[in-house]
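A.B. asks: Please see the structure below; I have some questions.
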Amino acid sequence: MKQSIRSVIMATLFVLLGALLLLAPAQSYGAARAPLLVVVDAGHGGKDPGATGFDGLREKQITLSIAQLLQILAWDDPEVRIVLTRHSDRFISLRERIALANHLGAALYVSIHANAFPRSSRVRGTETLVAQSDSRSGRLARGDRVLAQSLQHQLQVKLGNYGLTDRGVHEQRLYLRWAQMPAALVETGFITNPAEAQKLDTFWYQLKIAKALLDGIKAYLLDSGAQAG
Ligand SMILES: [Zn+2]
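Counting in our numbering, the sequence shown runs from 247 upward without gaps.
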């Protein structure tokens, strides 16, 4: 009888010790690292509506909704802190957007947009743009491309089932060249395509895009070892 009481006590101690070992590293791990700051930009705003799409849909509204959802999703994330370039329908210049990210020393800059192709309502899909590599240092050009591929990949993984077409990653002459950190611009879909516009105008689709972008950001930070420091 005594033997069995002792074994029950030992087993309980084992379980408690195991629980402590499991919990302790997780707590110190979280406390030791400050979350990395990512500036997320809701494209356009105020006097600049961006593209106008099917049924009068405004690009500046779509971009703001997705950016705000992304910030909410990352609210209590120990690894990432999201700062938005705008919280309302107001105009901010491209220089001011990048200046904010540079001033804060952000780890990444991600700009959210929606595409338009008025000549054909059939054109659809998502693409991610980066500044021309010859306008960037080698390190930043590499960072831009890996970040863009990570975002594009997550969009495809999370939204491929919804018929989202993968238009890939492209270089363009963009204001992102002023960013002192890896930067990418995501075209989340064509608001001139009726089917895509209708989806982009719904809460659940915006939420899925926001989740995909957050996962893309976190996958990049993990892969690049940006958290090791
Ligand atoms: Zn735009």
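Ideal placement from N, C-alpha and C gives every residue a C-beta, glycine not left out. Everything numeric in this text was worked out from a predicted model, so none of it was measured.
Can you have a look at residue 231 and say buried or exposed, based on whether 16 or more other CB atoms are within 10 angstroms of its CB?
C.D. replies: Given that the chain is displayed from residue 247 to residue 475, the structure contains no residue 231 and the question cannot be resolved.
A.B. asks: DSSP has residue 298 in a bridge; who is on the other side?
C.D. replies: Beta-bridge pairing links residue 298 to 304.
A.B. asks: Looking at the secondary structure, which residues open and close the alpha helix (DSSP H) in which residue 447 lies?
C.D. replies: Segment: none, residue 447 is in no alpha helix (DSSP H) and carries neither H nor E.
A.B. asks: Express the C-alpha separation of residue 320 and residue 285 in angstroms, rounding to a whole number.
C.D. replies: Roughly 12 angstroms between the two C-alpha positions.
A.B. asks: So is residue 342 buried or exposed if we call it buried at 16+ other beta carbons inside 10 Å?
C.D. replies: Exposed, because fewer than 16 other Cβ atoms sit within 10 Å of the Cβ of residue 342.
A.B. asks: Under a three-way DSSP split, which group does residue 312 fall into?
C.D. replies: Three-state DSSP puts residue 312 in a helix.
A.B. asks: Classify residue 399 as helix, strand or coil using the three-state DSSP reduction.
C.D. replies: The answer is helix: DSSP assigns residue 399 an H, G or I state.
A.B. asks: Ligand 1 and residue 297: does any heavy atom of the ligand fall closer than 7 angstroms to the residue's C-beta?
C.D. replies: The answer is yes for residue 297.
A.B. asks: Can you confirm whether residue 447, when its beta carbon is compared against all beta carbons of chain B, has any partner nearer than 8 angstroms?
C.D. replies: This model lacks chain B altogether, as it is built from one protein chain only.
A.B. asks: Going by the DSSP bridge assignment, what does residue 415 pair with across the sheet?
C.D. replies: Answer is 374, bridged to residue 415.
A.B. asks: Please report how far the alpha carbon of residue 441 lies from the alpha carbon of residue 279, in whole angstroms.
C.D. replies: About 43 angstroms.
A.B. asks: Considering only heavy atoms of ligand 1, does any lie closer than 7 angstroms to the CB of residue 289?
C.D. replies: Yes, the Cβ of residue 289 comes within 7 angstroms of a heavy atom of ligand 1.
A.B. asks: Can you name the start and end residues of the alpha helix (DSSP H) that residue 439 belongs to?
C.D. replies: No alpha helix (DSSP H) holds residue 439; DSSP gives it neither H nor E.
A.B. asks: Taking the beta carbon of residue 390 as the centre, do at least 16 other beta carbons fall within 10 Å, making it buried, or is it exposed?
C.D. replies: Flag for residue 390 reads buried.
A.B. asks: So, under 8 angstroms CB-CB, residue 324 and residue 281 are touching, yes? Tell me the CB distance rounded to an integer number of Å.
C.D. replies: Right, the Cβ-Cβ distance comes to about 6 angstroms (below 8 angstroms), so this counts as a contact.
A.B. asks: For residue 419, which residues from the same chain have a beta carbon less than 8 angstroms from its beta carbon, with the 5 sequence-adjacent residues on both sides left out?
C.D. replies: Only 377, 378 and 381 meet the Cβ criterion.
A.B. asks: Would the C-beta of residue 359 count as close to ligand 1, meaning under 7 angstroms from any of its heavy atoms?
C.D. replies: Yes - ligand 1 has a heavy atom lying nearer than 7 angstroms to the Cβ of residue 359.
A.B. asks: Please state whether the Cβ-Cβ distance between residue 359 and residue 411 is less than 8 angstroms.
C.D. replies: No, Cβ-Cβ distance for residue 359 and residue 411 is not below 8 angstroms.
A.B. asks: Reducing DSSP to helix, strand and coil, say where residue 357 ends up.
C.D. replies: Three-state result, residue 357: strand.
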